[in-house]
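Numbering-wise, our numbering comes out as the position in the sequence shown, counting from 1, plus 1. From the three backbone atoms N, C-alpha and C, an ideal C-beta is built for every residue, glycine too.
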Amino acid sequence: MSQLNGDVLYLILKELQNDKKSLFSCLRVNKTWCEIIVPILWKNPWKFLEERKSLCKVVTLHLSDETKKNLKSQGFDFLTNFYHKPLFNYISFCKILNLYDLHVMVNTFDHIVTFPNIKKEIFEKEVTSLFINENTRVMHLYIKNRYNNRLNTIPGAKYSFSELEFFSSNTNISDNVIIGLPEIFKSIKRLELVIEMKNNSYEFVKLIDNIDKLYHIRLYSKHYAEYDNDSFRKALENSLIKHANTIQYFKTTRPPVTNILSSFVNLKILKVKGFSNDLSWDCLETLSLSFLQVLKTDCIPIEKVSALIENTGGKLIEVSINGGYHDENNNKRLIQSIYNKCKKIQYLKILIRNENISELEKLLIDCQYLDGLNINVYNDETIFDWNYFFKVLYESSPTNLFKFKFSFVNTFELESLRLFLNNWNGRHPLLFQTIQYSSWGINNVLKRSYFDVINLYITQGIVSLYTHAPVEKYDFKDFDWIKADKKALKSWEYNF
């Protein structure tokens, strides 16, 4: 393995970038592995902030002798012990800069935690200049509202941010921070803004106006009650509309105050999340998005979601519908909108009521490209015909469909499970997950006998992998059936 071509080894080890334990183990293999892994770890050093004290020590070692001498003259005597140089220029590998995490790292550093704030600010300024200068390239930048230092005056900032691709910030940060940034943030492609209740900076409007090409927008509102920031939101949205032809991804947690959504003629991914029944999402009913490929909604009125799907151009390949009240009629309309307008859909998350299992059958017959199905079974207070449901799945599922997730309150009978798995025999082995809302009301929690039955079907090759968990311990994404480490649990560890 140590003789692998360096480029090939890099591609392999890069797959472990979210697995700290494995990466740290690989560091010790040999010099070649170490030289490949260090840049991977330091691309985003804030990812492992539980090690912030050690991180700050390593960062401090990068201070120049002149800077250390200057700081020691101002009372930072502890720097006398920071005399050796690090093995690598670790900071040169940093492409993701989180200024809030940097602030926390510096202000919790053992050697200066007792210093007065003015001294902490001096030290933080010197540390920041290690990451922002004429020798570094920052690709992703995160700022939170507690940050208050002017960025554009840092020597080398124009060069350091000249290839910035992603910018995330609260909109109420001080004007002092953002003034001057529009001129050097032109290269941003993806923008994430947390819109606050008040004191929002209109400098963000100027920043958006100056961006060359914007492709990806996420707008979050931290406060969900009614509040008076519509004038700011209107100015912000009007500025974003100027990028309508290039924007392909849009996420929002509040209804827009302008016609911004209808302006996104090339939008491919739309994610909308509501928090209050008082919010009006009427803008979705007449919205026509011909090129939309991915739709994710959360707590949005189902009739609005159905209307939106009905007005798409038939290119949707992934739909995830979470929350929102489903009565029999609007649940039926939602399912119909999918099998009428989403013939190419590959991944679907949807709620099914007992009255509309027959509509699910039509969906399975019409949507032959389905690859993964995530179904929330509505059975907390009503009877659900599991036998009919499973019959529809094994008789009508497309050939390529073998990945299923079922969420429910009250579980299926053991005989219903056997019916499903017996009739699945001869098809592609199942990737199968069950999620139970175990903390809701009266329910029949899965017992050991269920796992014993499924394990039998695993040995027979009918089930490939099976996972069960209560919803509060479930940590897969909507359309993930295998964890990042390529393993899935055959059962959750219950105390029987």
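Contacts around residue i, its chain only, beta-carbon distance under 6 angstroms, and the 5 residues preceding and following it disregarded
i      : result
Asp481 : none
Lys190 : Glu166 and Tyr216
Asn377 : Leu352 and Ser408
Leu131 : His63 and Ile92
Glu184 : none
Ile310 : Ser338 and Lys342
Lys207 : Pro183
Ile443 : In this prediction, Ile443 scores a pLDDT of 44, lower than 50, which makes its location untrustworthy; the coordinate-derived value is nonetheless stated afterwards. Contacts found: none.
Thr68  : Glu127
Glu193 : Ser169 and Arg219
Leu422 : Tyr458 and Ile463
Ile22  : A small correction: the amino acid at residue 22 is Lys; Ile does not occupy that position in the sequence shown. Cβ within range, chain order: n/a, list empty.
Proximity below 7 angstroms, CB of residue i to CB of residue j
i      : j      : result
Ser397 : Glu362 : yes
Lys345 : Tyr370 : yes
Phe413 : Val464 : no
Asn388 : Ser359 : no
Asp213 : Lys243 : no
Leu285 : Lys305 : yes
Phe168 : Leu142 : yes
Gly324 : Pro302 : no
Ala236 : Phe265 : no
Phe403 : Leu374 : no
Leu100 : Ile155 : no
Tyr467 : Ile455 : yes
Ala158 : Ile133 : yes
Thr298 : Val273 : yes
Buried versus exposed, by CB contacts within 10 Å (16 or more), residue i
i      : result
Phe25  : exposed
Ser161 : buried
Ala226 : Here Ala226 scores only 47 on pLDDT, less than 50, and its place in the model is too uncertain to base an answer on.
Gln461 : exposed
Leu317 : buried
Arg29  : exposed
Thr115 : exposed
Arg428 : exposed
Trp441 : Its pLDDT being 44, under 50, Trp441 is placed unreliably by the model, and the measurement read from it follows with that caveat. Exposed, by the Cβ-count rule.
Ile119 : exposed
Ser240 : buried
Ser74  : exposed
Gly275 : buried
Lys474 : exposed
Boundaries of the beta strand (DSSP E) in which residue i is found, first to last residue
i      : result
Gln377 : The question names Gln, yet the displayed sequence has Asn at residue 377. First-last of the beta strand (DSSP E) with Asn377: Gly373 to Val378.
Asn171 : Phe167 to Asn171
Leu364 : Run containing Leu364: none in the beta strand (DSSP E); it sits in the alpha helix (DSSP H), Ile358 to Asp367.
Ser465 : Val464 to Pro471
Val273 : Ile270 to Lys274
Gln252 : The sequence as given places Lys at residue 252; Gln does not occur at that position. Unbroken beta strand (DSSP E) run through Lys252: Tyr250 to Thr253.
Tyr475 : Per DSSP, Tyr475 belongs to no beta strand (DSSP E) and is neither H nor E.
Neighbourhood of residue i by C-beta distance below 7 angstroms, restricted to the same chain and skipping five residues each side
i      : result
Ile366 : Ser397
Ser450 : Leu415
Lys478 : none
Lys333 : Asn357 and Glu360
Glu164 : Arg138, Met140 and Ser188
Asp372 : Gln347, Tyr348, Asn401, Leu402 and Lys404
Any non-hydrogen atom of the ligand FMN closer than 6 angstroms to residue i Cβ
i     : result
Lys32 : Absence of the ligand FMN from the depicted structure is noted, as is the absence of any ligand whatsoever, leaving it without description.
Beta-carbon proximity list for residue i, same chain, < 8 angstroms, skipping 5 on both sides
i      : result
Leu72  : Leu64, Leu80, Ile123, Phe124 and Glu127
Lys44  : Gln18, Phe94, Cys95, Lys96 and Ile97
Phe233 : Thr172, Ile196, Asn201 and Tyr203
Asn312 : Thr287, Leu288, Ser289 and Leu290
Gly315 : Lys342, Cys343, Lys344 and Lys345
Pro40  : Phe94
Val107 : Cys57, Ile113, Lys121, Phe124, Glu125 and Val128
Glu329 : Arg354, Glu356 and Asn357
Element boundaries [alpha helix (DSSP H), containing residue i]
i      : result
Val320 : Careful: Val320 lies outside any alpha helix (DSSP H), inside the beta strand (DSSP E) at Glu319 to Asn323.
Asp102 : Leu100 to Asn108
Phe390 : Trp387 to Ser397
Pro40  : Lys32 to Lys44
Tyr160 : Ala158 to Ser161
Val295 : Segment Val295 to Asp299 is the beta strand (DSSP E) holding Val295; no alpha helix (DSSP H) there.
Ala308 : Ile303 to Glu311
Ile261 : Ile261 to Ser264
Ile336 : Glu329 to Lys342
Ile351 : It is not in any alpha helix (DSSP H) - Ile351 instead sits in the beta strand (DSSP E) that spans Tyr348 to Ile353.
Asn258 : The sequence shown places Val at residue 258, not Asn. Element bounds for Val258: n/a, residue is neither H nor E.
Asp176 : Asp176 to Ile179
Residue-level contact to chain D via CB, residue i, 7 angstroms cutoff
i      : result
Tyr340 : Absent here is chain D; the protein component of the structure consists of one chain.
- Start-end ranges of the alpha helix (DSSP H) lying completely within the region 185-240, minimum 4 residues: The region 185-240 contains these whole alpha helix (DSSP H) runs: 204-211.
- Go through the region 402-452 residue by residue and report every complete run of the beta strand (DSSP E) that reaches 3 residues or more, in order. Runs of beta strand (DSSP E) with 3 or more residues, each lying fully within the region 402-452, are found at 404-409 and 431-437, listed in chain order.
- Message: Which runs of the beta strand (DSSP E) at least 3 residues long sit entirely within the region 66-90? Give them in chain order.
- Response: Listed in chain order, there is nothing to give.
- Query: What alpha helix (DSSP H) runs, 4 residues minimum, are completely inside the region 108-162?
  - Reply: Secondary structure within the region 108-162: the alpha helix (DSSP H) runs of 4 or more consecutive residues, fully enclosed, are 118-132 and 158-161 (chain order).
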